[in-house]
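For reference, the structure is listed below as structure tokens.
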Ligand code: SF4
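In my numbering, the protein residues as written are 4 to 441.
And the structure:
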């Protein structure tokens, strides 16, 4: 094994929270004197930051670790971090003797010590605490994007939806002190960042675990909005139950808060919502959406939907279909249910046939395409404020997003990157609008 590690490579699977954790780990490793490389073959240390939400992500990591073990131990340190590390723990070390360490979601702060221990003892190391301790060096976070940044404000989740592994892999909700968040956001703005997305499994729960701070989510937004030069604030994700009237007022009143709310409905049928343990009825959900639209008339909504949850009948699926038609989300992430080990739903029979799940999924995808196209059609000829992020994949046109999260590409000089521009939309293709500098 390499005694003197010089380079590292991190491969990230899963959600934005995992991407941020990879950036935090990269910051720790750079502080330790290592250099990031973007070719795994050139790395002395390889980390797989994993996800347990989808089966496919797990299978990819397991397959990759299997291949790396062929032909015996190589001159490289290999670690697994993230949700899969937390879910599988020692089983990973037993299955892959060439794996050097497994670090759970609550232990990324221990990365540096764990690497030292691996080198010193030449033993496999396991660190998977159930609770997160707030002592990360956020200011060292290594970000690739120079225009917009993710900032962690709360970790874990107390909601225990029956299909979800997160409360078991990330533990209870732990809010980050508001001063630390404000300090990080201010430092990002000083370095030229224009947009910050506040991240957490349920950002709206922020501060509830620390009543003595007297700072709930909307209070935090007021503090962040006061940072000079911070043009845009986004947040994700939210649980409908915790979307309060105070938060709606903050979205309306604070100029930096973007008018886009991810408001995951998951299903449109009450028995299914109950079985999912979503703790709201569809009527309560509709009521909250109506209230938000009344307070913030130009708000756009996003959602997550699961089709084919155990026991979902045709009639119950139709209720989800009708709910989507009624609300007309701007953005929807729609999935066919697949049971995840370690969740309560895994104990129930996965009784909706795959062909039925596929059919339901396709119907919702088609519906969402119709809704999105109609929305984009209405935007033609209008101008929107766009934060210009980078060149599009073609390397010629520039790419950015509106406050309501619509992607726009247009022709313009490179100097536009990192600035806010007014773009007039003239057409669209799939979900991307095409425009010109207004
Ligand atoms: S609120 Fe979100 S993170 Fe929490 S258990 Fe439900 S689906 Fe999982």
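For glycine and all other residues, C-beta sits at the position ideal for the given N, C-alpha and C.
Sorry if obvious, but does the Cβ on residue i come closer than 6 Å to a heavy atom of the ligand SF4?
i: residue 169; result: yes
i: residue 465; result: Here the chain comprises residues numbered 4 to 441, so residue 465 is not present and cannot be evaluated.
i: residue 164; result: yes
i: residue 433; result: no
i: residue 86; result: no
i: residue 204; result: yes
i: residue 116; result: no
i: residue 160; result: yes
i: residue 265; result: no
i: residue 153; result: no
i: residue 252; result: no
i: residue 429; result: no
i: residue 221; result: no
Tell me the rounded alpha-carbon separation between residue i and residue j.
i: residue 22; j: residue 155; result: 11 Å
i: residue 100; j: residue 110; result: 21 Å
i: residue 206; j: residue 157; result: 6 Å
i: residue 428; j: residue 44; result: 44 Å
i: residue 290; j: residue 407; result: 22 Å
i: residue 193; j: residue 243; result: 34 Å
i: residue 338; j: residue 310; result: 6 Å
i: residue 351; j: residue 313; result: 7 Å
i: residue 439; j: residue 413; result: 5 Å
i: residue 135; j: residue 108; result: 8 Å
i: residue 477; j: residue 249; result: For residue 477 there is no data in the structure shown, the boundaries of the chain being 4 and 441.
i: residue 5; j: residue 81; result: Model confidence at residue 5 stands at a pLDDT of 48, short of 50, so the residue's coordinates are unreliable; what they give is reported in the following sentence. In a straight line, the C-alpha of residue 5 is about 11 Å away from that of residue 81.
i: residue 130; j: residue 256; result: 44 Å
Let me check you understand the geometry: is the CB of residue i closer than 6 Å to at least one non-hydrogen atom of the ligand HEM?
i: residue 211; result: For the structure depicted, the ligand HEM is absent and the ligand set comprises only the ligand SF4.
Use the C-beta contact count for residue i: other C-beta atoms within 10 angstroms, 16 or more gives buried, fewer gives exposed.
i: residue 432; result: exposed
i: residue 24; result: buried
i: residue 116; result: exposed
i: residue 151; result: buried
i: residue 252; result: exposed
i: residue 41; result: exposed
i: residue 26; result: buried
i: residue 430; result: exposed
i: residue 90; result: buried
i: residue 198; result: buried
i: residue 52; result: buried
Report yes if the CB atom of residue i is closer than 7 Å to the CB atom of residue j, and no otherwise.
i: residue 84; j: residue 347; result: no
i: residue 121; j: residue 132; result: no
i: residue 299; j: residue 254; result: yes
i: residue 422; j: residue 389; result: no
i: residue 212; j: residue 176; result: yes
i: residue 171; j: residue 17; result: no
Can you tell me which residues form a DSSP beta bridge with residue i?
i: residue 80; result: 48
i: residue 177; result: 158
i: residue 2; result: Residue 2 is absent from the structure shown; the chain starts at 4 and stops at 441.
i: residue 386; result: 427
i: residue 394; result: 401
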